[in-house]
Amino acid sequence: MRRILIVSSVFAGLILASVGAHAQQPSIAANGVLNGASYALPGLPNAGIAQGAIFIVFGQNLGPATLVQVSSFPLPTSQGLAGTSVRVTVGGTSLDAIMLYASAGQVAAVLPSNTPLGTGTLTVTRNNVTSPSSPITVVRNSFGTFSLNQAGSGPGVMQVVNSESDRPFNSITSSARPGQVIILWGTGLGPVTGNEAGQPLPGDMTSLNLRVWVGAREARVLYRGRSGCCVGIDQISFEVPQGVEGCYVPVSIQIGDVISNFTSLSVSSSGGVCSDPNGFSGSDLEIARTTGNFRLGSISLSRSASKFSIPGQPVVDIQTDYGAAVFYSYNFDQLTRSQGLGNSVSIGACSISTFRTSGQGGGASDPIRPVGLDAGAAINVSGPRGPKQLVPTAQSLGLYSAQLSGPPTDPFGGGGTPYLDPGAYTFDNGSGGSAVGAFRTTHTMPAALTWTNEAAITVVTRSQGVLLTWSGGDPNSFVYISGSSFNTTNNVGAAFVCLERASVGSFTVPSGVLLALPAAAAGSTFPTGSLSVGGVTTPSRFNAPGLDAGYVTATSFTSKSVNYQ
């Protein structure tokens, strides 16, 4: 689905389109009514459409073949835009949405602030032909932050206030400094009073119970309200807290118990180009900015020890060793909009992604698609248990993978021959490929850490946070804490990942993260969530002809099934 960034396009000008004499009936895609910034999937806690917010409708035959946008006030409502109008009915009250743009595959509009709260229906009318209705849930507040990848994830649309006349957009090469003011753009703060179709209605919503989280720290909020430029678009101004730094510092907005989508902010003590100890260095990003491209190789080894609880059955205990390598080329624009190396998150913080468990894809994966690079016929791996190979996958050039452990010998797991013992591993690609020349490098897999309070956690109360403790492992490495939960009715879910230094020994996943996960159904005995703790080595670097940087990491996770309540 094509997504159009409203911040830059709402008032870009009117594009005239012809209207066919024989109109086809519009149709709205299943789960096709979404917040215009977060794209939160129906079934997730933040999926409601807030009064006064911009929303997107996806479908077919919704509007003209060529995109038409509004160009002046007053904005159209019942009269429609290029033959397209949107109507919402809640509790017996029907209102016309305020149109922003229309095209065949998607429509954007503002939900009037006086729309009643609750569940209702939405229809799209195109040239006097109305679609079947689609469900909509109207809430008072549910904020979404615009993102540079136009999918509700990765770097957010935020400006760094250097001065009144100098407000560049934040990026990995234009970082904010702690203490600087940031202007964040989004939609869904809640209703306003006045003629929304007639003009923007700016004003600080000081009574709003709003909190801004930057990494694990709460930011001081200076303004939260409508922008002065556009209908339905909100601005939040806040100060970057002291003590946060990294290329992908998570940012989320909390209103009551409703958590926005998570985007990221680049923060550096000196501004300019950022740097991450577990990701891109400043010199890597300087290469990308100077050359306009960045060619990346990343190799990973991973052990997963998973325990799944099934009522009436013994605990399923499966250990799997896996290897993967990717070789990609990003242009600089792609790199600035992507989620970074391995879905990066800053130290001491957590981030959230969303996913579908069936049907059409989307959600968790980074929508930025780099160009794959041929690194040869295979990536050879040699360790304490002998040689293995990572082989090219059919679906993506530049992606190599293999299960390194043997298969389980019974349906309840166990019995498979392990491969990833602690020790040194050597990697090479033989004579190389057409894009990546020959390389050889080594990396050490340390002994696994121990998740010391694993047995005590079977249910996670989202409103209270959860403490994880560990011991052992490599004290100079990192610890990833991750978890996920899914909504079995809507087949959607959310996952979090947190990063901490291994030497710290504990981490509390805050309620402001857990509340973004869907809760298990009332009375559910079958776990619909997971929780993991694992050690992750500091990336080691390697060089190869055709690459600007190469990284190797090793991980060892312990996972278990839990319910989130």
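Residue numbering for the sequence shown follows the numbering used here, starting at -19 and increasing by one per position. Don't be surprised by glycine CBs; every beta carbon is placed ideally from N, CA and C.
Separation of the CB atoms of THR422 and ASN241 is rounded to 39 Å, and the pair is thereby denied contact status at 8 Å. Secondary structure note for PHE487: its beta strand (DSSP E) is the uninterrupted segment 486 to 489. Relative to the Cα of SER154, the nearest Cα in the group SER248, GLY526, VAL70 and GLN444 belongs to SER248.
TYR81 places its beta carbon 7 Å or farther from that of GLN40. The residue from PRO519, VAL211, ARG481 and ASN543 with its alpha-carbon nearest to that of GLY277 is PRO519. Scanning LEU245, TYR308, SER282 and TYR310 for the CA closest to the CA of GLN299 turns up SER282. The beta carbon of ALA84 sits closer than 8 Å to the beta carbons of GLN40, ASN41, LEU42, GLY43, PRO44 and ALA45 from its chain, once the five residues preceding and following it are set aside; these are given in chain order. In this chain, the alpha helix (DSSP H) harbouring SER263 covers 262 to 271. With a cutoff of 7 Å on beta-carbon distance, ASN409 and ALA374 are scored as not near each other.
Uninterrupted beta strand (DSSP E) stretches at least 3 residues long and entirely within the segment 444 to 526 occur at 446 to 452, 458 to 467, 472 to 481, 486 to 489, 509 to 516 and 520 to 522, given in chain order.
In the displayed model, ASP401 falls within coil according to three-state DSSP, outside both helix and strand.
Distances from the CA of ASN108 to each of PRO221, GLY136, LEU61 and SER18 were compared; the closest alpha carbon is that of LEU61. In terms of CA proximity to ASP528, ASN311 leads the group THR406, ASN311 and ILE8. In this model, THR533 and GLU198 are separated by some 31 Å (Cα to Cα). Assignment of ALA374 by DSSP, reduced to helix, strand and coil, places it in the coil class. Here THR334 carries a strand assignment [DSSP, helix/strand/coil]. Going by C-alpha positions, ALA474 is about 30 Å away from VAL172.
Residue burial is scored here from C-beta neighbours: GLY100 has at least 16 other C-beta atoms within 10 angstroms and is therefore classed as buried. Per DSSP, reduced to three states, the secondary structure at GLU225 is coil, with no helix or strand assignment. For THR406, the secondary structure class from DSSP, reduced to helix, strand or coil, is strand.
Per the C-alpha coordinates, the member of TRP450, PRO498, SER464 and THR505 positioned closest to SER536 is TRP450. ASN15 places its beta carbon 7 Å or farther from that of ILE239. With fewer than three CB-CB distances shorter than 8 Å, the segment 459 to 466 does not count as touching the segment 205 to 214.
In the structure shown, the three-state DSSP call for GLN215 is strand. If you draw a straight line from the Cα of GLN160 to the Cα of GLN59, it is about 44 Å long.
Rounded to whole angstroms, the separation of the alpha carbons of VAL296 and LEU97 is 44 Å. Here DSSP, grouped into helix, strand and coil, assigns GLU144 to coil. Going by C-alpha positions, THR430 is about 33 Å away from PRO372.
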